[in-house]
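**Q**
There are 2 protein chains.
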Amino acid sequence: MALYTAASSSERIAFNTLNRKTGNRVKREFIDSETGDPVEREDQVKGYEVENGQYVVLETDEVAAAIPDSDKTLKIDAFIPCSQIDTTYFDKPYYLAPDKMGRDAFLLLRDGMKKQGVAAIARTVLFRRVRTVLIRAHGKGLIASTLNFDYEVRSSEEAFDDMPDMKIGGEMLELAEHIIGTKKGSFDASTFDDRYEAAVAELVKAKIEGRSLPKRQAPVASRPSDLLQALRESAGIGAKVTKPKRTAANANRGAGRQKAAKPAAKAKQAQAPPRRAG
Amino acid sequence: MALYTAASSSERIAFNTLNRKTGNRVKREFIDSETGDPVEREDQVKGYEVENGQYVVLETDEVAAAIPDSDKTLKIDAFIPCSQIDTTYFDKPYYLAPDKMGRDAFLLLRDGMKKQGVAAIARTVLFRRVRTVLIRAHGKGLIASTLNFDYEVRSSEEAFDDMPDMKIGGEMLELAEHIIGTKKGSFDASTFDDRYEAAVAELVKAKIEGRSLPKRQAPVASRPSDLLQALRESAGIGAKVTKPKRTAANANRGAGRQKAAKPAAKAKQAQAPPRRAG
DNA sequence: CCAATCGTCGAAAGACGATTGG
Chain A
20 MALYTAASSS ERIAFNTLNR KTGNRVKREF IDSETGDPVE REDQVKGYEV ENGQYVVLET
80 DEVAAAIPDS DKTLKIDAFI PCSQIDTTYF DKPYYLAPDK MGRDAFLLLR DGMKKQGVAA
140 IARTVLFRRV RTVLIRAHGK GLIASTLNFD YEVRSSEEAF DDMPDMKIGG EMLELAEHII
200 GTKKGSFDAS TFDDRYEAAV AELVKAKIEG RSLPKRQAPV ASRPSDLLQA LRESAGIGAK
260 VTKPKRTAAN ANRGAGRQKA AKPAAKAKQA QAPPRRAG
Chain B
20 MALYTAASSS ERIAFNTLNR KTGNRVKREF IDSETGDPVE REDQVKGYEV ENGQYVVLET
80 DEVAAAIPDS DKTLKIDAFI PCSQIDTTYF DKPYYLAPDK MGRDAFLLLR DGMKKQGVAA
140 IARTVLFRRV RTVLIRAHGK GLIASTLNFD YEVRSSEEAF DDMPDMKIGG EMLELAEHII
200 GTKKGSFDAS TFDDRYEAAV AELVKAKIEG RSLPKRQAPV ASRPSDLLQA LRESAGIGAK
260 VTKPKRTAAN ANRGAGRQKA AKPAAKAKQA QAPPRRAG
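Going line by line, the protein sequences match chains A and B.
At position 71 of the first sequence (counting the first as 1) the number is 90 in this note's numbering, and the numbers step up by one without a gap.
At position 25 of the second sequence (counting the first as 1) the number is 44 in this note's numbering, and the numbers step up by one without a gap.
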């Protein structure tokens with residue numbers, strides 16, 4: 020079977036960090052916190068803090084030995100009724116498709132599960148961990164969701180600790196149901212848009228075109244991929260663009276590193292945590 | 020309303036990187052990729068790569084201006100039938116509990132939704148983005164799942180591109196259903212254990228106790244939190260523990276940084292501090 | 001090339017964001 024990532028934030032606008040003074044990209048170097056000397060990769064070891072400032076040292080290969088062997092298979096443990104699934108455990112979704120070999124078995128699994136109204140609990144090694152996955156029929160194929168480990172999911176008891184054990188009934192409940200009835204809608208993913216992403220895209224576009232952005236204009240929400248397309252088109256127009264000076268010797272290195280470019284604008288964390296809503 | 024993280028990997032064993040030669044912790048410094056000079060935080064700006072090596076510069080405050088204002092509320096857009104929900108969009112789960120003020124409204128919402136078999140689609144600002152969340156009744160309270168943005172979820176079309184449009188029927192399907200029937204189980208989160216985590220915990224424990232670990236022993240799968248407890252108990256026994264040398268001048272800084280240390284041996288948080296969103 | 005990892009920051013035991021492994 021082949022796994023395809025079903026959800027990914029890779030379409031987001033990606034930035035690199037630059038040095039304002041030179042326009043060059045920035046890279047990070049690891050230095051000793053006491054001596055300030057650079058620490059090469061082969062001198063970096065893992066430390067488990069036993070007590071304040073006391074560490075047990077673990078060598079890279081010792082940690083690597085703990086990684087489970089991957090036989091690249093997906094082993095089904097059991098089939099469970101779809102009604103029993105606790106979605107709190109859901110981690111990431113992957114589409115599952117058959118490879119050349121297992122097409123018949125794949126279709127049998129899909130249709131058998133669909134007919135019985137069950138999902139499969141399976142295990143597979145994914146990124147160094149043995150992951151439990153939940154497999155369900157999904158359209159023409161299957162969808163596998165990795166499940167959080169038991170220790171990762173908190174009990175709701177604490178959160179609902181001082182919840183009154185009271186049930187609403189009678190007229191009040193009818194009123195609530197009426198209000199709910201007036202706001203019926205449907206699950207429409209096209210409304211799940213990302214205004215921050217749109218605003219950042221608009222900002223970049225304005226910069227490229229040499230415009231200044233009106234303060235706090237409400238950005239038009241649209242698919243970032245459309246905006247990326249627009250950005251690419253705008254790019255030719257040119258504006259305040261910084262071209263880093265580079266030495267001939269470094270030209271290749273720099274080009275290679277562009278691939279590593281990573282997403283996401285981190286600006287100031289304007290979000291102070293405790294927030295009241297609702 | 021208050022939001023409580025329902026799933027977190029914070030109970031995992033966390034390491035710090037050490038310099039093998041000195042036993043000191045390592046920290047990272049940002050340096051200019053061409054000149055090699057350190058780049059201070061205030062000189063770090065975002066660059067959007069327009070073309071190979073050409074960047075549009077975005078200042079931190081410009082990017083920050085794109086962050087939506089948070090009025091700290093949770094606005095319900097609509098109620099949708101639970102049957103319509105596409106779990107491919109699920110991102111992270113949060114428990115929702117009422118604050119002092121809104122207890123009645125909370126219970127009305129919970130019981131009204133439960134009775135009608137619907138979930139609420141709402142919006143709130145979470146970590147700089149306006150997020151769409153799906154709210155459902157869950158035990159005594161509510162659970163809110165952030166939903167992936169539309170552009171983050173891939174169409175399954177590509178993955179299921181060359182899936183034969185064939186349906187299994189008759190005897191073969193019956194056989195499949197029979198096999199499924201023989202492997203019926205239940206959704207049991209206690210079996211969702213993390214063998215890698217357990218093996219790493221065992222490795223650390225062995226190190227602390229001065230044992231050497233048998234090669235590739237099959238680690239006993241148990242809750243990492245139990246293992247962490249065991250580690251704490253072992254810690255007194257002492258073994259090969261590295262104590263970083265520190266200068267008097269750095270003692271305070273070092274102590275301060277310990278807080279920053281991801282508490283590997285973190286005792287279970289009595290109660291996760293609620294993020295207020297309500 | 002993408003996605004998961006990893007270390008750090010800072011307060012939220014969570015998210016960011018550069019890096020690297022598959």
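We put the CB at the ideal spot given by N, CA and C, even for glycine.
Computed from a predicted model, the values in this text were never measured in an experiment.
Can you grab the Cα-Cα spacing for the pair A/V172 / B/S231, in whole Å?
**A** Your numbering for residue 172 of chain A matches position 153 in the first sequence. Your numbering for residue 231 of chain B matches position 212 in the second sequence. For A/V172 and B/S231, the distance between alpha carbons rounds to 33 angstroms.
**Q** Is B/T151 closer than 9 angstroms to A/E107 when the C-beta atoms are compared?
**A** On the first sequence, residue 107 of chain A is found 88 positions in, with the first residue counted as 1. On the second sequence, residue 151 of chain B is found 132 positions in, with the first residue counted as 1. The displayed chain sequence assigns Thr, not Glu, to residue 107 of chain A. Cβ distance not < 9 angstroms, so A/T107 and B/T151 don't count as in contact.
**Q** Kindly list the residues whose CB is nearer than 6 angstroms to the CB of A/S28, restricted to its own chain and excluding five residues on each side of it in sequence; keep chain order.
**A** The sequence position of residue 28 of chain A within the first sequence is 9, counting from 1. Hits under 6 angstroms: none found.
**Q** Please classify B/I227 as buried or exposed, where buried requires at least 16 other C-beta atoms within 10 Å of its C-beta.
**A** As a first step, residue 227 of chain B must be located in the second sequence, where it is residue number 208. B/I227 comes out buried.
**Q** First and last residue of the beta strand (DSSP E) that includes B/V149?
**A** As a first step, residue 149 of chain B must be located in the second sequence, where it is residue number 130. From DSSP, the beta strand (DSSP E) with B/V149 extends over 148 to 157.
**Q** Evaluate B/G42 with the Cβ neighbour count: other Cβ atoms within 10 Å of its Cβ, from every protein chain shown; 16 or more gives buried, anything less gives exposed.
**A** Reading the second sequence from its first residue, position 23 is the one you call residue 42 of chain B. Under this definition B/G42 is a buried residue.
**Q** Mind checking whether B/A139 and B/R155 have CB atoms under 9 angstroms apart?
**A** Sequence index remark: in the second sequence, residue 139 of chain B carries index 120 (1-based). Sequence index remark: in the second sequence, residue 155 of chain B carries index 136 (1-based). For B/A139 and B/R155, yes; Cβs fall inside 9 angstroms.
**Q** What residues from chain B crowd round A/R47, counting only those whose CB sits closer than 9 angstroms?
**A** Looking up residue 47 of chain A in the first sequence gives position 28. Residues of chain B passing the Cβ test: R47, E48, F49, I50.
**Q** Is B/S15 buried or exposed, if buried means 16 or more other CB atoms sit within 10 Å of its CB?
**A** The first residue shown for chain B is 20 and the last is 297, placing residue 15 of chain B beyond what the model contains.
**Q** Tell me which residues share the same chain as B/D130 and place their Cβ nearer than 8 angstroms to its Cβ, disregarding the 5 neighbours each side in the sequence.
**A** Against the second sequence, residue 130 of chain B aligns to sequence position 111. A156.
**Q** Can you tell me whether B/G209 is helix, strand or coil according to DSSP?
**A** Your numbering for residue 209 of chain B matches position 190 in the second sequence. Note that residue 209 of chain B corresponds to Ser in the displayed sequence, not to Gly. DSSP places B/S209 in helix when its eight states are reduced to three.
**Q** Measuring only between beta-carbons, confirm whether B/A195 sits less than 9 angstroms from chain A.
**A** Your numbering for residue 195 of chain B matches position 176 in the second sequence. By this cut-off, B/A195 is an interface position.
**Q** Nearest-angstrom Cα distance between B/V137 and B/R122?
**A** As a first step, residue 137 of chain B is located in the second sequence; it is residue number 118 there, counting from the start. As a first step, residue 122 of chain B is located in the second sequence; it is residue number 103 there, counting from the start. The alpha-carbon atoms of B/V137 and B/R122 are separated by roughly 20 angstroms.
**Q** So the beta strand (DSSP E) B/Y108 belongs to, where does it begin and stop?
**A** To locate residue 108 of chain B, count along the second sequence from 1; it is residue 89. Where B/Y108 is concerned, there is no enclosing beta strand (DSSP E), given that its DSSP letter is neither H nor E.
**Q** Check whether the region 57 to 74 of chain B and the region 60 to 75 of chain A touch, using three or more Cβ-Cβ pairs below 8 angstroms as the test.
**A** No, the region 57 to 74 of chain B is not in contact with the region 60 to 75 of chain A.
**Q** With distances taken from CA atoms, which of A/T201, A/D184, A/G160 is nearest B/G160?
**A** Here the question's residue 160 of chain B lines up with position 141 in the second sequence. B/G160 has its Cα closest to that of A/D184, out of A/T201, A/D184, A/G160.
**Q** Can you find a C-beta in chain B that's less than 9 angstroms from the C-beta of A/D105?
**A** In the first sequence, counting from the first residue as 1, residue 105 of chain A sits at position 86. A/D105 counts as touching chain B.
**Q** Using the DSSP secondary-structure output, state which residues sit across from A/F98 in a beta bridge.
**A** Residue numbering aside, residue 98 of chain A sits at position 79 when the first sequence is read from its first letter. DSSP output for A/F98 lists A/A139, B/K203 as bridge partner(s).
**Q** What's the C-alpha gap between A/K224 and A/D212?
**A** In the first sequence, counting from the first residue as 1, residue 224 of chain A sits at position 205. In the first sequence, counting from the first residue as 1, residue 212 of chain A sits at position 193. Each residue's Cα considered, the two are about 19 angstroms apart.
**Q** Between the alpha carbons of A/K40 and B/F98, how many angstroms are there, rounded?
**A** Along the first sequence, read from residue 1 onward, the residue named residue 40 of chain A stands at position 21. Along the second sequence, read from residue 1 onward, the residue named residue 98 of chain B stands at position 79. About 52 angstroms.
**Q** First and last residue of the alpha helix (DSSP H) that includes B/I227?
**A** In the second sequence, residue 227 of chain B corresponds to position 208, counting from 1. Its alpha helix (DSSP H) spans residues 214 to 228.
**Q** With contact counted as at least three CB pairs below 8 angstroms, one residue from each stretch, are the region 75 to 86 of chain A and the region 72 to 89 of chain B in contact?
**A** As far as the Cβ criterion goes, the region 75 to 86 of chain A does not touch the region 72 to 89 of chain B, which means the pair count is below three.
**Q** Starting from the C-beta of A/V144, find all residues in its chain whose C-beta is less than 8 angstroms away, skip the five residues before and the five after it, and write them out in chain order.
**A** Residue mapping note: residue 144 of chain A aligns to position 125 of the first sequence, counting from 1. The answer, listed in chain order, is P87, D88, S89, D90, K91, R150.
**Q** For A/E53, does the count of other Cβ atoms within 10 angstroms reach 16, so buried, or fall short, so exposed?
**A** Indexing the first sequence from 1 puts residue 53 of chain A at position 34. The residue is buried, with at least 16 neighbouring Cβ atoms inside 10 Å.
**Q** A/I99 touches chain B at which residues, Cβ-Cβ below 9 angstroms?
**A** As a working mapping, residue 99 of chain A is identified with position 80 in the first sequence. Within 9 angstroms Cβ-Cβ: K203, G204, S205, F206, D207.
**Q** What's the gap between the Cα of A/A21 and the Cα of A/P117?
**A** Taking the first sequence and counting its residues from 1, the one referred to as residue 21 of chain A is at position 2. Taking the first sequence and counting its residues from 1, the one referred to as residue 117 of chain A is at position 98. A/A21 and A/P117: Cα-Cα distance of roughly 6 angstroms.
**Q** According to the Cβ coordinates, are B/L37 and B/R44 closer than 9 angstroms?
**A** Here residue 37 of chain B corresponds to residue number 18 of the second sequence, with the count starting at 1. Here residue 44 of chain B corresponds to residue number 25 of the second sequence, with the count starting at 1. Yes, the pair counts as a contact, with Cβ atoms nearer than the cut-off.
**Q** Determine which residues share a DSSP beta bridge with B/Q73 and list them.
**A** Translated into positions along the second sequence, residue 73 of chain B becomes position 54. In DSSP, B/Q73 forms a bridge with B/E70.
**Q** When you compare the CB of B/K262 with every CB in chain A, is at least one pair closer than 9 angstroms?
**A** As a working mapping, residue 262 of chain B is identified with position 243 in the second sequence. The predicted position of B/K262 is uncertain, since its pLDDT is 30 and thus under 50; a value taken from the coordinates is nonetheless stated next. Answer yes: the Cβ-Cβ gap between B/K262 and chain A drops below 9 angstroms somewhere.
**Q** Cutting at 8 angstroms between CB atoms, please list the residues of its own chain near B/I187, excluding the five before and the five after it.
**A** Taking the second sequence and counting its residues from 1, the one referred to as residue 187 of chain B is at position 168. Contacts found: A195.
**Q** Assuming A/L192 contacts A/F109 (C-beta within less than 8 angstroms), just tell me the rounded distance between them.
**A** Walking along the first sequence from the start, residue 192 of chain A turns up at place 173. Walking along the first sequence from the start, residue 109 of chain A turns up at place 90. At roughly 30 angstroms, the Cβ-Cβ gap does not stay under 8 angstroms, so A/L192 and A/F109 are not in contact.
**Q** Could you tell me whether any Cβ in chain A is nearer than 9 angstroms to the Cβ of B/T266?
**A** Sequence index remark: in the second sequence, residue 266 of chain B carries index 247 (1-based). Confidence in B/T266 is poor, its pLDDT being 26 and thus under 50, which makes the residue's placement unreliable; the coordinate value appears in the next sentence. Interface residue, yes.
**Q** Is A/K46 helix, strand or coil when you go by DSSP?
**A** Taking the first sequence and counting its residues from 1, the one referred to as residue 46 of chain A is at position 27. Correct three-state label for A/K46: strand.
**Q** Looking at chain B, is there any beta carbon in it that lies within less than 9 angstroms of the beta carbon of A/E190?
**A** Residue numbering aside, residue 190 of chain A sits at position 171 when the first sequence is read from its first letter. Not an interface residue.
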